[in-house]
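Enquirer:
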Amino acid sequence: MIEKGKIGVHQFTILAILFTVGSSILIAPAGIAHEAKQDAWIASLVGLIGGLLMVMLYNLITTRFPKTTFVHYSQEILGKWLGRSISFLYFCYFFILAALVLRNIGDFMTTQVLPNTPIQFIHIFFLIVIIMGIRNGLETFTRTAEIFLPWVMFFFFIMVVLLPPNFEWRHLLPVFGYGVKPILRATIPVLSTPYMELVVFLMYFPFVNNSQKARKAFLVGTLIGGILLVIISLLSILVLGADLTARQMYPSYSLAKKISIGTFLERLEVIMAGIWFITIYFKLAICFYASTMTFAEIFNMKDARQLYWPFGIILIVLSIVAYPDIPYSMKFGSKIDFPYSLPYAIIFPMLLLIVAVIRKKKE
Numbered sequence: 312m313i314e315k316g317k318i319g320v321h322q323f324t325i326l327a328i329l330f331t332v333g334s335s336i337l338i339a340p341a342g343i344a345h346e347a348k349q350d351a352w353i354a355s356l357v358g359l360i361g362g363l364l365m366v367m368l369y370n371l372i373t374t375r376f377p378k379t380t381f382v383h384y385s386q387e388i389l390g391k392w393l394g395r396s397i398s399f400l401y402f403c404y405f406f407i408l409a410a411l412v413l414r415n416i417g418d419f420m421t422t423q424v425l426p427n428t429p430i431q432f433i434h435i436f437f438l439i440v441i442i443m444g445i446r447n448g449l450e451t452f453t454r455t456a457e458i459f460l461p462w463v464m465f466f467f468f469i470m471v472v473l474l475p476p477n478f479e480w481r482h483l484l485p486v487f488g489y490g491v492k493p494i495l496r497a498t499i500p501v502l503s504t505p506y507m508e509l510v511v512f513l514m515y516f517p518f519v520n521n522s523q524k525a526r527k528a529f530l531v532g533t534l535i536g537g538i539l540l541v542i543i544s545l546l547s548i549l550v551l552g553a554d555l556t557a558r559q560m561y562p563s564y565s566l567a568k569k570i571s572i573g574t575f576l577e578r579l580e581v582i583m584a585g586i587w588f589i590t591i592y593f594k595l596a597i598c599f600y601a602s603t604m605t606f607a608e609i610f611n612m613k614d615a616r617q618l619y620w621p622f623g624i625i626l627i628v629l630s631i632v633a634y635p636d637i638p639y640s641m642k643f644g645s646k647i648d649f650p651y652s653l654p655y656a657i658i659f660p661m662l663l664l665i666v667a668v669i670r671k672k673k674e
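So, in structure tokens, the structure goes:
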């Protein structure tokens with residue numbers, strides 16, 4: 312294995328929380344509300360249940376192979392060449408996912424914060440910070456996550472506490488007003504982002520110092536992150552209403568603008584921006600680190616760090632080429648991402664598990 316460091320169970324839980332919240336806390340409520348209207352929070356809850364089932368699938372795989380990465384045991388199960396071919400597809404998936412997350416950062420900054428700044432400059436600056444964060448290894452990176460998680464929870468708590476004066480409970484009615492079908496349709500993009508993307512943690516699992524407790528930590532981290540997403544969907548509907556939430560590109564950012572205490576505490580969207588910058592930083596770092604580690608292990612490289620700068624340059628270009636504009640990114644998230652992620656998140660892991668059971672492959 313390329314990575315020699317070990318992380319604690321608690322740190323693994325934190326990574327799962329930050330990854331699950333990731334970019335979804337800012338962009339997910341709009342897509343859900345577009346389909347499910349006032350029942351968006353229910354769709355988010357159903358998506359969380361589906362995400363936990365996927366985590367259980369990944370845990371079943373790691374039960375058989377607790378101390379090796381996906382790249383290694385895919386070759387053990389399917390043979391060297393087929394295993395490497397599937398591993399290379401996963402490298403592409405992780406890398407393209409990193410490009411999408413980087414594009415999310417650029418789109419937000421150029422539309423909300425720095426409208427006159429070229430998006431390429433934002434991508435370059437953010438990616439330099441990412442590479443600086445991961446170059447010292449997984450242990451250092453996860454310790455940083457431990458420092459930042461309390462700030463995420465603190466900012467989130469402040470927003471939840473200050474928003475109730477803006478609640479309109481009638482926005483939630485009627486419950487199931489459009490039936491079950493819109494809720495199920497809204498669940499599809501929720502499953503693809505972020506829950507299907509959790510397959511990336513199959514590359515991190517062997518570095519947890521207690522593999523048995525790591526499976527529970529994975530579930531707990533996904534559950535906590537998912538609950539935060541359900542809460543943000545509920546708050547968006549309660550404050551903005553279903554129609555306004557669906558029309559906003561970043562509804563939770565607009566949600567934070569509604570906070571007003573007297574005449575001295577207003578426009579606290581910096582709180583939401585703070586949460587989002589932290590969580591999306593760690594999501595991008597997790598994807599980029601997993602992609603370089605996967606590539607290095609496929610080609611038997613001794614050190615993945617030599618890949619950071621060349622792959623970073625490619626990632627900046629890919630983020631512009633693969634997602635040329637905001638409407639395309641939104642279409643990709645709502646229509647394309649689910650069928651695109653399905654093989655990587657469910658079909659290939661189930662195939663590996665079934666073949667491993669049949670061939671009695673076990674570490």
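For the sequence shown, the numbering used here begins at 312 and goes up steadily by one. Cβ atoms here follow ideal geometry from the backbone N, Cα and C, with glycine treated the same way. Note that this is a predicted model, so its numbers are computed, not measured.
#1: Which one of Phe606, Pro654, Ile548, Pro377 has the shortest CA to CA distance from Ala347?
#2: My output table needs one value for Glu479: the three-state DSSP class, helix, strand or coil.
#3: Determine the closest residue to Ile625 out of Leu389, Phe599, Ala354, Ser565, with distance taken between C-alpha atoms.
#4: Using the three-state DSSP reduction, which class does Val366 fall into: helix, strand or coil?
#5: Considering only DSSP beta bridges, list what Val491 is partnered with.
#6: Quick one: any contact between the segment 332-340 and the segment 559-572, if contact means 3 or more CB pairs under 8 Å?
#7: Report buried or exposed for Asp350, applying the criterion of at least 16 other Cβ atoms within 10 angstroms of its Cβ.
#8: Rank Ile343, Leu460, Asn370, Ser396 by C-alpha distance to the C-alpha of Ile325 and give the top, closest one.
#9: Keeping to the same chain, check which residues put their C-beta closer than 6 Å to that of Gly448; ignore five residues upstream and five downstream.
#10: Since Phe459 is in the alpha helix (DSSP H), which residue starts that stretch and which ends it?
#11: Between which two residues does the alpha helix (DSSP H) containing Lys391 stretch?
#12: Determine the burial state of Tyr639: buried for a count of at least 16 other Cβ atoms within 10 Å of its Cβ, exposed for fewer.
#13: The alpha helix (DSSP H) that contains Lys524, what's its start and end?
#14: Determine the direct distance from the alpha carbon of His482 to that of Ser602, and round the result to whole angstroms.
#15: State yes or no: is the C-beta of Ser544 within less than 7 Å of the C-beta of Ile343?
#16: Using 7 Å as the threshold, is the C-beta distance between Met514 and Ala656 below it?
#17: Tell me whether Trp587 is buried or exposed, calling it buried when 16 or more other Cβ atoms sit within 10 Å of its Cβ.
#18: According to DSSP, is Val424 helix, strand or coil?
#19: Since Val471 contacts Ile542 with CB under 8 Å, what's their CB separation in whole angstroms?
Expert: To lay it out plainly:
#1: Looking up residue 347 in the sequence shown gives position 36. Cα-wise, what sits closest to Ala347 is Ile548.
#2: The count along the sequence shown starts at 1 and reaches residue 479 at position 168. It is coil, neither helix nor strand.
#3: On the sequence shown, residue 625 is found 314 positions in, with the first residue counted as 1. It is Phe599 whose Cα lies nearest to the Cα of Ile625.
#4: Mapped onto the sequence shown, residue 366 falls at position 55. Helix.
#5: Here residue 491 is taken as the residue at index 180 of the sequence shown, counted from 1. The partner list for Val491 (beta bridge, DSSP) is empty, contrary to what the question assumes.
#6: yes
#7: As a working note, residue 350 is residue 39 in the sequence shown. It is buried - the Cβ of Asp350 has at least 16 other Cβ atoms within 10 Å.
#8: Start at 1 with the first residue of the sequence shown, and residue 325 comes out as number 14. Residue Leu460 holds the alpha-carbon nearest to the alpha-carbon of Ile325 among Ile343, Leu460, Asn370, Ser396.
#9: The residue you call residue 448 lines up with position 137 of the sequence shown. Once the five neighbours on either side are set aside, the close Cβ partners of Gly448 are Gly316.
#10: As a first step, residue 459 must be located in the sequence shown, where it is residue number 148. Run containing Phe459: 449-473, per the alpha helix (DSSP H) assignment.
#11: As a first step, residue 391 must be located in the sequence shown, where it is residue number 80. Start and end: 391-419.
#12: Sequence index remark: in the sequence shown, residue 639 carries index 328 (1-based). That one is exposed.
#13: For the purposes of this step, residue 524 is taken as the residue at position 213 of the sequence shown. Element bounds for Lys524: 522-551.
#14: Residue mapping note: residue 602 aligns to position 291 of the sequence shown, counting from 1. Residue mapping note: residue 482 aligns to position 171 of the sequence shown, counting from 1. Taking the straight line from one Cα to the other gives about 42 Å.
#15: Within the sequence shown, numbered from 1, the residue matching residue 544 stands at position 233. Within the sequence shown, numbered from 1, the residue matching residue 343 stands at position 32. In contact: Ser544 and Ile343 (Cβ atoms closer than 7 Å).
#16: As a working note, residue 514 is residue 203 in the sequence shown. As a working note, residue 656 is residue 345 in the sequence shown. Cβ distance not < 7 Å, so Met514 and Ala656 don't count as in contact.
#17: Taking the first residue of the sequence shown as position 1, residue 587 is located at position 276. When all chains shown are included, Trp587 counts as buried.
#18: As a first step, residue 424 is located in the sequence shown; it is residue number 113 there, counting from the start. If DSSP states are grouped into helix, strand and coil, Val424 belongs with the helices.
#19: As a working mapping, residue 471 is identified with position 160 in the sequence shown. As a working mapping, residue 542 is identified with position 231 in the sequence shown. Their Cβ separation, rounded to whole angstroms, is 7 Å, which keeps Val471 and Ile542 in contact under 8 Å.
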